[in-house]
Structure formats: C-alpha cells, structure tokens
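Undergrad:
Numbering (UniProt numbering), first residue to last: 1 to 141.
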C-alpha cells in the first residue's frame with residue numbers, strides 16, 4: 001500500500017475518517033504497521049483523535065502510545081486539544097498514560113492550546129483530571 005505525497009497510508013486515512021471497520025480490517029488482515037508515520041511524523045493515533053471508537057480500539061486493542069510525538073513534538077493529546085475533541089481528551093487523561101504538561105517543540109502544552117482557542121469544555125476537563133504541581137498552576141489558565 002503506497003503512501004500519498006504526505007506519507008499518509010490507507011490506515012492514516014481510515015483513522016482520520018473514523019472508519020473503525022476499515023482500521024480493524026487493515027490491521028487484522030493486512031497487518032498494517034500502526035507505528036508507521038507520515039512525513040510529519042504523525043501516527044495513526046494522531047489521525048484518529050476526532051473519533052472516540054477508533055481511539056479506544058487503537059489504545060485498548062493495539063496498544064498505541066498516547067505520548068508518541070510527531071516531528072513538531074505534538075502528541076495525540078496535543079492534536080485532540082487542538083481540535084477540541086472533549087470525549088477523546090477525557091479518555092486519554094483517564095488512562096493515566098499521558099502527560100497533560102507535555103510540551104511540543106514550541107513549548108506549548110495541550111492545555112495551553114485549548115486555552116488559546118478558548119475551548120472551555122476542554123479546559124474544564126484538564127482541570128478535572130489535572131494533577132498539576134504548584135509550579136505549573138492549572139487555575140492560572
């Protein structure tokens with residue numbers, strides 16, 4: 001399966017569309033590599049962040065790592081915060097396997113991205129799950 005000019009495989013596209021049946025088919029039948037990255041270093045999980053069912057499958061059944069950064073240091077949590085997918089953010093944080101204070105290459109955390117875009121629901125979720133140290137006060141956001 002040949003990637004497109006951006007390096008996206010058919011699995012990246014299926015994840016972006018939230019096509020869970022296609023994702024399962026490609027993984028189970030064609031044994032597609034979940035850790036394949038596109039030209040920007042984005043994994044399949046980065047592309048699935050707008051689709052909770054796909055995210056849950058990729059994490060629970062395929063053991064995808066929530067903290068894998070792309071070339072710009074964006075984790076799937078950064079992506080989810082950037083598009084305000086509250087259900088996915090809440091799920092990511094509930095796993096306990098991600099760092100809400102992880103910084104991208106510009107030094108921005110997922111919470112800072114949400115704050116900059118005024119995604120109040122997402123900000124509330126970060127506060128709900130935020131085991132943030134005093135040195136990084138979440139209430140200042």
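Backbone N, C-alpha and C define an ideal beta-carbon position, used for all residues, glycine too. Just so you know, these numbers come straight off a predicted model, no measurement behind them.
Who are the near neighbours of residue 54 in its chain, counting only those whose CB is closer than 7 Å to its CB and skipping five residues on each side?
TA: 15, 18, 20, 23 and 48
Undergrad: Whole angstroms are fine: how far does the CA of residue 45 sit from the CA of residue 6?
TA: 16 Å
Undergrad: Reducing DSSP to helix, strand and coil, say where residue 116 ends up.
TA: helix
Undergrad: Taking the beta carbon of residue 72 as the centre, do at least 16 other beta carbons fall within 10 Å, making it buried, or is it exposed?
TA: exposed
Undergrad: Quick one: is residue 107 near chain D, going by C-beta distance under 7 Å?
TA: The chain labelled as chain D is not found in the depicted structure, where only one protein chain is given.
Undergrad: Kindly give me the distance between the Cβ atoms of residue 125 and residue 86, rounded to whole angstroms, as I take these residues to be in contact under 8 Å.
TA: In this structure residue 125 touches residue 86 by the C-beta definition: roughly 6 Å separates them, less than 8 Å.
Undergrad: Can you tell which of 95, 43, 68 and 128 has the C-alpha that lies nearest to the C-alpha of residue 102?
TA: 68
Undergrad: Would residue 82 be called buried (16 or more neighbouring beta carbons within 10 Å of its own) or exposed?
TA: buried
Undergrad: Helix or strand or just coil, what does DSSP make of residue 103?
TA: coil
Undergrad: Going by other Cβ atoms of all chains shown within 10 Å of its Cβ, with 16 needed for buried, is residue 31 buried or exposed?
TA: exposed
Undergrad: Taking only three categories from DSSP, how would you classify residue 91?
TA: helix
Undergrad: Sort 129, 77 and 93 by Cα distance to residue 113 and report the nearest one.
TA: 77
Undergrad: Taking Cβ to Cβ, would you say residue 40 is nearer than 7 Å to residue 70?
TA: yes
Undergrad: What does a CB cutoff of less than 7 Å around residue 104 pick up in its chain, not counting 5 residues either side in sequence?
TA: Take residue 104, set aside five residues on each side of it, and the residues of its chain with a beta-carbon closer than 7 Å to its own are 72, 73, 74 and 78, in chain order.
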